[in-house]
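First up is the structure itself, then whatever we jot down about it.
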Amino acid sequence: MAFQQRVVELLKKIPKGKVTTYKIIAKQMKTKAYRVIGTACHNNPLPTNVAPCYRVVRSDGTIGICHSDNCHKSRIKLLKKDGIKIKGNKIIDFEKVLFKF
74 MAFQQRVVEL
84 LKKIPKGKVT
94 TYKIIAKQMK
104 TKAYRVIGTA
114 CHNNPLPTNV
124 APCYRVVRSD
134 GTIGICHSDN
144 CHKSRIKLLK
154 KDGIKIKGNK
164 IIDFEKVLFK
174 F
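Taking this note's numbering, the leading residue of the sequence shown gets 74, the next gets one more, and so forth.
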């Protein structure tokens, strides 16, 4: 299975109201290719309701940087819609909403 497809399959498993990290996905895939996972999320071919790439955040609980301001605002909006509380650029109660495979 191609790397991109493996990442997408893991994205599908992240439940609503939870987030995971690039590092956790990498650990699940037995790799340290965090940036490649980020690229795979960015290039996710499926709609966000099927493979919610916006639920993948940095290990410190910050949302991370999108390629455009519109993308960043959209990501925050989707996370809040899922019930994730955010202050500034950081997830509140990060450990409580963190999903580990």
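No residue lacks a Cβ here, since even glycine has one placed at the ideal position from N, Cα and C.
Query: Own chain residues within Cβ distance below 7 Å of G156, not counting five before or after; Result: G90
Query: Which of helix, strand or coil DSSP assigns to L171; Result: strand
Query: Contact test: C144 Cβ vs the ligand PLP heavy atom, cutoff 7 Å; Result: The model depicted lacks the ligand PLP and carries no ligand whatsoever.
Query: Meets three-Cβ-pair contact criterion under 8 Å: the segment 121-134 and the segment 155-170; Result: yes
Query: Contact set for R148: own chain, Cβ-Cβ below 8 Å, skip 5 residues either direction; Result: Y127, I136 and C139
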